[in-house]
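Enquirer:
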Amino acid sequence: MMWGLMNGWGYGGGIIFGLIWMILQVVIVVGAIYFIVSLFQNKKGSQRGSDALEILKERYARGEISEEEYKERKRNLEEK
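FYI, in UniProt numbering the residues of the sequence shown are 1 to 80.
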């Protein structure tokens, strides 16, 4: 007796597996885009510079460094 395609199982769940495959592809594409964008955003680098500048300001305010030293170090930090 002939059952047709996939021995009576129709298309073998093609619609369900097709939807799962499409969802998986969308998740992979969105994940790849997120990964690429996060590589180009240098959050830590800019935050470190801000932290260093804040520490420099605090040291100057406490009188630990002179005005000359403050200006020189601030200029060096802003160049990076």
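Each residue gets a CB set at the ideal place from its N, CA and C atoms; glycine is no exception.
Bear in mind that the values here come from a model prediction, so they are computed numbers and not experimental data.
Assuming E68 is part of the alpha helix (DSSP H), what are its boundary residues?
Expert: Segment E67 to E79, the alpha helix (DSSP H) holding E68.
Enquirer: Would DSSP call Q25 helix, strand or coil?
Expert: Helix.
Enquirer: Smallest Cα separation from L77: which of Y60, I65, E67 and S50?
Expert: Nearest of Y60, I65, E67 and S50 to L77, Cα basis: S50.
Enquirer: Here's a check: name, in chain order, each residue in its chain whose Cβ is nearer than 7 Å to the Cβ of Q25, leaving out the five neighbours to either side.
Expert: Nothing listed; no residue qualifies.
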